[in-house]
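Enquirer:
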Amino acid sequence: MTSLAVLHASQLITLRGPRRPRVGTELSVLGIIHNGGMLVRDGEIERVGPSDEMEKNVGDADVVDAGGHVVMPGFVDAHTHLVFAGNRLDDFERRARGETYEEIAKAGGGIRSTVEKTRAASELELLTQAKKHANWLLSCGTTTVEAKSGYGLTVEDELKILRVMRQLKEEVPLEIVPTFLGAHAVPRELSPDEYLDVVITEMLPRVTAEKLAEFCDVFCERGYFNIDQSRKILSTAKKLGLRLRGHVDQLTNSGGAKLMAEMGATTADHLEQTDEQGIAALKKANVQPVLLPGSVYALGSSRYPRSREMIEAGLAIVLATDFNPGSSPTPSMPMVLSLACTQMKMSPAEAITASTVNAAHSVNQGDRIGSLEPRKLANFVIFDCEDYRELAYWFGMPQTNSVYVRGDRVV
Ligand SMILES: [Zn+2]
188 MTSLAVLHAS
198 QLITLRGPRR
208 PRVGTELSVL
218 GIIHNGGMLV
228 RDGEIERVGP
238 SDEMEKNVGD
248 ADVVDAGGHV
258 VMPGFVDAHT
268 HLVFAGNRLD
278 DFERRARGET
288 YEEIAKAGGG
298 IRSTVEKTRA
308 ASELELLTQA
318 KKHANWLLSC
328 GTTTVEAKSG
338 YGLTVEDELK
348 ILRVMRQLKE
358 EVPLEIVPTF
368 LGAHAVPREL
378 SPDEYLDVVI
388 TEMLPRVTAE
398 KLAEFCDVFC
408 ERGYFNIDQS
418 RKILSTAKKL
428 GLRLRGHVDQ
438 LTNSGGAKLM
448 AEMGATTADH
458 LEQTDEQGIA
468 ALKKANVQPV
478 LLPGSVYALG
488 SSRYPRSREM
498 IEAGLAIVLA
508 TDFNPGSSPT
518 PSMPMVLSLA
528 CTQMKMSPAE
538 AITASTVNAA
548 HSVNQGDRIG
558 SLEPRKLANF
568 VIFDCEDYRE
578 LAYWFGMPQT
588 NSVYVRGDRV
598 V
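In my numbering, the protein residues as written are 188 to 598.
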């Protein structure tokens, strides 16, 4: 392995600080070093400091001149549906004509249409498409993703998706944290109770025996899995040693946030409809909210989650793309930063903390990634701007200059 000296960052966004997710006013503290630099050895960060100080210790390291640009940790995208076949262009056009998500699902679109295509695809076909998605994510400055199954809905097809993720990890530099989301929808061929039984008695034991996932997730929503069904799945997963996440309170306030608190989940995701009782429950149980403004935007809704109230309540907020073919076809964290600032009234600094260090903790990787500090992995991005606020300000335009994973340039 080689050594690397990164010099002359206009702003080195370190996010150094306590080894836990940031809350309240801490979300605004980016630990910026102006004209900053960083020494990297064997894929890990060795030193961080003023550029001239780093320059004295370059030794035989390869020099990366950041040229007066922003250098920051790679984004950690804590909620994606990375592996699927095909796309949902027809749904997209129907929505443009004014049909709702639920109407489109009833008419044969929605999650089930992606399920049909994903079942029909071979592992190699899924892997090929997933590699394309992984490269999109990397080119937007994301170096770690949480990735969910959920477009198989049979034992073999769910395992197939999780195995594709494991193979993908070997073939692309993107770091992947796998989540089992068998309870994403009820397949056409089974009743809700029959499918629940398959998830609990067949899928979960296989997934854990083959160590294919670190987390278990459920889509707790009207027409998908209700509170009781979700509780059964999550408690089984917990007993089998998985950590918990959940799609909750997206389209209706069904008490999903409270359920995630009751289950001691790591995250509660979406939360567009969550009220103050839900927020209080999350706080009490230390659950991290994962907010997904890309899906609100792409569904043409204006009901964004109550991020300011969540921050004021002391929640360790996370932002993610929800990258998926139906409700959020974007791999771009900079786009999510733009939405967080313009639609959810978060500051650019809060949005960056939520999508790096806080997101890292939400995928149980807070000790290894999410900030630029000694002994963390050298996963960082150089952006073509001088001020970090430009990332959220200029939107719809790529600003990635280069991306490094474990000290190797990958974009
Ligand atoms: Zn999702």
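All C-beta atoms in this analysis are idealised placements derived from N, C-alpha and C, irrespective of residue type, glycine included.
Measuring only from the beta carbon, is residue 264 closer than 6 Å to any heavy atom that is part of ligand 1?
Expert: Result no, Cβ not under 6 Å from ligand 1.
Enquirer: Can you tell me whether residue 259 is buried or exposed, with buried defined as 16 or more other CB within 10 angstroms of its CB?
Expert: By the 10 Å Cβ count, residue 259 comes out buried.
Enquirer: Compute every distance between the C-beta of residue 509 and the non-hydrogen atoms of ligand 1, then say whether any falls below 6 Å.
Expert: Residue 509: yes, Cβ under 6 Å from ligand 1.
Enquirer: I need the boundaries of the alpha helix (DSSP H) containing residue 538, first residue and last residue.
Expert: Unbroken alpha helix (DSSP H) run through residue 538: 535 to 541.
Enquirer: Assuming residue 302 contacts residue 340 under a Cβ cut-off of 8 Å, what Cβ separation, rounded to an integer in Å, is found between them?
Expert: That pair is a contact at about 5 Å.
Enquirer: Between which residues of its own chain and residue 533 is the CB-CB distance below 6 Å, once the five residues before and five after are set aside?
Expert: Correct list, in chain order: 494, 527.
Enquirer: Keeping to the same chain, check which residues put their C-beta closer than 7 Å to that of residue 253; ignore five residues upstream and five downstream.
Expert: The answer, listed in chain order, is 193, 194, 195, 196, 569.
Enquirer: Between residue 368 and the rest of its own chain, which residues show a CB-CB distance below 6 Å, the 5 nearest in sequence each way excluded?
Expert: Within the same chain, residue 368 has close Cβ partners 335, 336, 337, 404.
Enquirer: For the alpha helix (DSSP H) holding residue 416, just list the boundary residues, first then last.
Expert: 414 to 426 is the span of the alpha helix (DSSP H), which, as asked, contains residue 416.
Enquirer: Would residue 500 and residue 468 qualify as a contact pair, given that the criterion is a beta-carbon distance under 7 Å?
Expert: No, they are not a contact pair.
Enquirer: Check each candidate in 581, 420, 462 and name the one with the smallest Cα separation from residue 497.
Expert: Per the Cα distances, 462.
Enquirer: From which residue to which residue does the alpha helix (DSSP H) around residue 301 run?
Expert: Its alpha helix (DSSP H) spans residues 298 to 307.
Enquirer: Can you give me the Cβ contacts of residue 314 inside the same chain, cut-off strictly under 8 Å, excluding the 5 residues immediately before and after it?
Expert: So the qualifying residues of the chain are 351, 354, 355, 358.
Enquirer: Given a threshold of 16 other Cβ atoms within 10 Å of its Cβ, counted over all protein chains shown, does residue 217 qualify as buried or as exposed?
Expert: Result: buried.
Enquirer: Below 8 Å, can you find three or more Cβ-Cβ pairs linking the region 550 to 570 to the region 203 to 214?
Expert: Yes, they touch.
Enquirer: Return helix, strand or coil for residue 566, following the three-state DSSP convention.
Expert: Reduced to three states, the DSSP call for residue 566 is coil.
Enquirer: Does the Cβ of residue 378 have 16 or more other Cβ atoms within 10 Å, making it buried, or fewer, making it exposed?
Expert: Looking at its Cβ environment, which holds fewer than 16 other Cβ atoms inside 10 Å, residue 378 is exposed.
Enquirer: Since I believe residue 421 is in contact with residue 390 (beta carbons under 8 Å), could you give me their beta-carbon distance rounded to a whole number of angstroms?
Expert: So it is not a contact: roughly 13 Å between Cβ atoms.
Enquirer: Assuming residue 559 contacts residue 202 (C-beta within less than 8 Å), just tell me the rounded distance between them.
Expert: The pair is a contact, with the Cβ atoms about 7 Å apart (cut-off 8 Å).
Enquirer: Residue 591 by DSSP, collapsed to three states: which one?
Expert: The answer is strand: DSSP assigns residue 591 an E or B state.
Enquirer: Measure from the alpha carbon of residue 215 to the alpha carbon of each residue in 288, 541, 579, then state which is nearest.
Expert: Checked all of 288, 541, 579; the closest Cα to residue 215 is 541.
Enquirer: Please report the Cβ distance between residue 331 and residue 364, rounded to the nearest whole angstrom; I am assuming they are in contact, meaning their Cβ atoms lie under 8 Å.
Expert: Right, the Cβ-Cβ distance comes to about 7 Å (below 8 Å), so this counts as a contact.
Enquirer: Using a beta-carbon distance below 7 Å, is residue 382 in contact with chain D?
Expert: No chain D appears in the structure shown, which is made up of a single protein chain.
Enquirer: Are there three or more Cβ pairs, one per stretch, closer than 8 Å when the region 391 to 411 is compared with the region 426 to 436?
Expert: Yes, since at least three Cβ pairs between the region 391 to 411 and the region 426 to 436 fall closer than 8 Å, the two stretches touch.
Enquirer: What number of angstroms, rounded off, separates the C-alpha of residue 406 from the C-alpha of residue 374?
Expert: So the two alpha carbons sit approximately 13 Å from each other.
Enquirer: From the DSSP output, in three-state form, read off residue 352 for me.
Expert: Helix, per DSSP.
Enquirer: Does the region 236 to 250 come within contact of the region 516 to 525, defined as at least 3 CB pairs closer than 8 Å?
Expert: With the cut-off at 8 Å, the region 236 to 250 and the region 516 to 525 do not touch.
Enquirer: Where does residue 271 fall in DSSP's three states?
Expert: The answer is coil: DSSP assigns residue 271 none of H, G, I, E or B.
Enquirer: Using 8 Å for Cβ pairs, my map puts residue 289 next to residue 410. What's the rounded Cβ distance?
Expert: Indeed they touch by this definition, with Cβ atoms about 7 Å apart.
Enquirer: Using DSSP bridges, identify the partner residues of residue 457.
Expert: Partner(s): 435.
Enquirer: Among 585, 565, 577, 584, which residue has its Cα nearest to the Cα of residue 224?
Expert: The residue with the shortest Cα to Cα distance from residue 224 is 565.
Enquirer: Which residues in the same chain have their Cβ closer than 8 Å to the Cβ of residue 219, if we skip the five residues on either side of it in sequence?
Expert: 198, 199, 200, 201, 575.
Enquirer: Go ahead and pull the three-state DSSP assignment for residue 444.
Expert: Residue 444 falls in the helix class under three-state DSSP.
Enquirer: Could you check whether the Cβ of residue 535 sits closer than 6 Å to any heavy atom belonging to ligand 3?
Expert: Within the structure as shown, ligand 3 is missing, the only ligands being ligand 1.
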